[in-house]
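A.B. asks:
2 protein chains.
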Amino acid sequence: MAAEHADRTKRTTPDDDGAAREDIVEQVSRQQPDDEILYDLAELFKVFGDSTRIKILYAMFENELCVNDIAKLLNLSQSSVSHQLRILKSSKLVKFRREGKSVYYSLDDEHVRAIISMGMEHVEE
Amino acid sequence: MAAEHADRTKRTTPDDDGAAREDIVEQVSRQQPDDEILYDLAELFKVFGDSTRIKILYAMFENELCVNDIAKLLNLSQSSVSHQLRILKSSKLVKFRREGKSVYYSLDDEHVRAIISMGMEHVEE
DNA sequence: TGTACATATGTTTAATTGTTCATATGTATA
DNA sequence: TATACATATGAACAATTAAACATATGTACA
Numbered sequence: 369m370a371a372e373h374a375d376r377t378k379r380t381t382p383d384d385d386g387a388a389r390e391d392i393v394e395q396v397s398r399q400q401p402d403d404e405i406l407y408d409l410a411e412l413f414k415v416f417g418d419s420t421r422i423k424i425l426y427a428m429f430e431n432e433l434c435v436n437d438i439a440k441l442l443n444l445s446q447s448s449v450s451h452q453l454r455i456l457k458s459s460k461l462v463k464f465r466r467e468g469k470s471v472y473y474s475l476d477d478e479h480v481r482a483i484i485s486m487g488m489e490h491v492e493e
Numbered sequence: 369m370a371a372e373h374a375d376r377t378k379r380t381t382p383d384d385d386g387a388a389r390e391d392i393v394e395q396v397s398r399q400q401p402d403d404e405i406l407y408d409l410a411e412l413f414k415v416f417g418d419s420t421r422i423k424i425l426y427a428m429f430e431n432e433l434c435v436n437d438i439a440k441l442l443n444l445s446q447s448s449v450s451h452q453l454r455i456l457k458s459s460k461l462v463k464f465r466r467e468g469k470s471v472y473y474s475l476d477d478e479h480v481r482a483i484i485s486m487g488m489e490h491v492e493e
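Going down the list, the protein sequences come from chains A and B. Residue 470 in the numbering used here sits at position 102 of the first sequence; the count goes up by one each step and never skips. Residue 487 in the numbering used here sits at position 119 of the second sequence; the count goes up by one each step and never skips.
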């Protein structure tokens, strides 16, 4: 794929290049997932894309925490934490269990951990 | 860590639980990366968190593409594509090379591919 | 150098969204 | 059941931002 394109870019005739480009574009178009899937993908990353939510997620990297813990830890209002947890829940990024009056939240699966780790590597390099 | 917490939650004395919570919170607080790093991490995911940018990134998954290709492929204005590529560039998600009048963009490194793939797995499950 | 094509960028506007405040729901216990 | 504590949720406001439009910059070629 990439190799094929590399070949084409070596051509010098304008018309040929134009035709090649159209071919590439059409091929990419066929390979592109449905808009709906890419929309969902963007929505997923949007959830990671807020510093409050990232702080909450990171805090849960190795511990389950209740709403109050998170509020104290990050110096946020209980309301704000609860609102954000609602978003994290509906994106399946965290799971929770009730124990007495408290609700303990934790990361939902290894994907979440992996995505955060991968992003961290990119940021730190 | 998680094991230690599991132990503590078995205690029934309210005072003990309270003290244990504080300990956990303080420990998490020490483990938490600097706000600045988490802010950068959120900023990174924010870039992935737009359907237009995700479409552009995905289109470049296996091919380098010029601005015009992307505009045609995704039925977007040249201006819009260029603005988005600027954001992708400044986040180091894409690299580019000039060839004649055109500028060819491609994914910057394997991290980018990995993050997208990981997100895709989460969305598709 | 002038013209055409490809890309970049400044500005404005409409829409999205995180936080705050107020209030409601849920749970344990006296 | 009344009270206190923990969490959830509805509404309003302020800040962010993607798209559109106009225009500028950069490149090739006659």
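For each residue, glycine too, the CB sits at the ideal point set by N, CA and C.
Measure the CB-CB distance between L412(A) and G487(B) and report whether it falls below 7 Å.
C.D. replies: Counting from 1 along the first sequence, the entry for residue 412(A) is found at position 44. Counting from 1 along the second sequence, the entry for residue 487(B) is found at position 119. A contact, by the Cβ cut-off of 7 Å.
A.B. asks: Should D437(A) be labelled buried (16 or more other beta-carbon atoms within 10 Å of its own) or exposed?
C.D. replies: As a first step, residue 437(A) is located in the first sequence; it is residue number 69 there, counting from the start. Looking at its Cβ environment, which holds 16 or more other Cβ atoms inside 10 Å, D437(A) is buried.
A.B. asks: Which residues in chain A sit within 8 Å of K469(B), going by Cβ to Cβ distance?
C.D. replies: On the second sequence, position 101 is the one that residue 469(B) refers to. The premise fails here: K469(B) is roughly 10 Å from chain A at the closest Cβ pair, so nothing lies under 8 Å.
A.B. asks: Starting from the beta carbon of H414(B), find every residue of chain A whose beta carbon is closer than 7 Å, and list them in chain order.
C.D. replies: By one-based count along the second sequence, residue 414(B) stands at place 46. As written in the sequence, residue 414(B) is Lys, which differs from the His given in the question. The contacting residues are G417.
A.B. asks: Quick one: residues in its chain with C-beta nearer than 7 Å to the C-beta of R465(A), no 5 flanking neighbours on either side, listed in chain order?
C.D. replies: By one-based count along the first sequence, residue 465(A) stands at place 97. Contacts found: Y472.
A.B. asks: Tell whether a beta-carbon distance below 7 Å holds between L441(B) and S470(A).
C.D. replies: Along the second sequence, one-based indexing puts residue 441(B) at 73. Along the first sequence, one-based indexing puts residue 470(A) at 102. In this structure, S470(A) does not lie closer than 7 Å to L441(B) by Cβ.
A.B. asks: Whole-angstrom Cβ separation of H490(B) and H451(A), contact assumed at under 8 Å?
C.D. replies: As a first step, residue 490(B) is located in the second sequence; it is residue number 122 there, counting from the start. As a first step, residue 451(A) is located in the first sequence; it is residue number 83 there, counting from the start. Between H451(A) and H490(B) the Cβ distance is about 22 Å, and since that is not below 8 Å, they are no contact.
A.B. asks: Please classify S459(A) as buried or exposed, where buried requires at least 16 other C-beta atoms within 10 Å of its C-beta.
C.D. replies: Sequence index remark: in the first sequence, residue 459(A) carries index 91 (1-based). Under this definition S459(A) is a buried residue.
A.B. asks: On the CB-based measure, 16 or more other CB atoms within 10 Å of its CB, does E432(B) come out buried or exposed?
C.D. replies: The count along the second sequence starts at 1 and reaches residue 432(B) at position 64. The residue is buried, with at least 16 neighbouring Cβ atoms inside 10 Å.
A.B. asks: For the candidate residues S485(A), A439(A) and I484(A), whose alpha-carbon lies nearest to that of E394(B)?
C.D. replies: Position 26 of the second sequence, counting from 1, holds the residue named residue 394(B). Taking only the C-alpha atoms, the option nearest E394(B) is A439(A).
A.B. asks: Can you name the start and end residues of the beta strand (DSSP E) that E467(B) belongs to?
C.D. replies: Here residue 467(B) refers to the residue found at position 99 when the second sequence is read from its first residue. Where E467(B) is concerned, the enclosing beta strand (DSSP E) stretches over V462 to E467.
A.B. asks: Any idea if D408(B) is buried or exposed, counting beta-carbon neighbours within 10 angstroms, 16 or more meaning buried?
C.D. replies: The sequence position of residue 408(B) within the second sequence is 40, counting from 1. With 16 or more other Cβ atoms from the protein chains shown falling within 10 Å of its own Cβ, D408(B) counts as buried.
A.B. asks: In angstroms with no decimal places, state the Cα-to-Cα distance between V415(A) and R421(A).
C.D. replies: By 1-based counting over the first sequence, the position of residue 415(A) is 47. By 1-based counting over the first sequence, the position of residue 421(A) is 53. Going from the Cα of V415(A) to the Cα of R421(A) covers about 7 Å.
A.B. asks: In the DSSP assignment, the alpha helix (DSSP H) including L406(B) goes from what residue to what residue?
C.D. replies: Start at 1 with the first residue of the second sequence, and residue 406(B) comes out as number 38. Residues D403 to F416.
A.B. asks: Below 7 Å between beta carbons is the criterion; list the residues of the segment 450–475 of chain B that meet it against any residue of chain A, in chain order.
C.D. replies: E467
A.B. asks: Rounded to whole angstroms, what's the CA-CA distance from S492(B) to N443(B)? Just pull it up for me.
C.D. replies: Here residue 492(B) refers to the residue found at position 124 when the second sequence is read from its first residue. Here residue 443(B) refers to the residue found at position 75 when the second sequence is read from its first residue. Before going further, note that residue 492(B) is Glu rather than Ser in the sequence given. So the alpha carbons of these two residues sit roughly 25 Å apart.
A.B. asks: Apart from the five residues just before and just after I455(A), which ones in its own chain have a Cβ nearer than 8 Å to its Cβ?
C.D. replies: Translated into positions along the first sequence, residue 455(A) becomes position 87. Excluding five sequence positions before and after I455(A), the CB atoms of its chain that fall closer than 8 Å to its own CB belong to V415 and R421, given in chain order.
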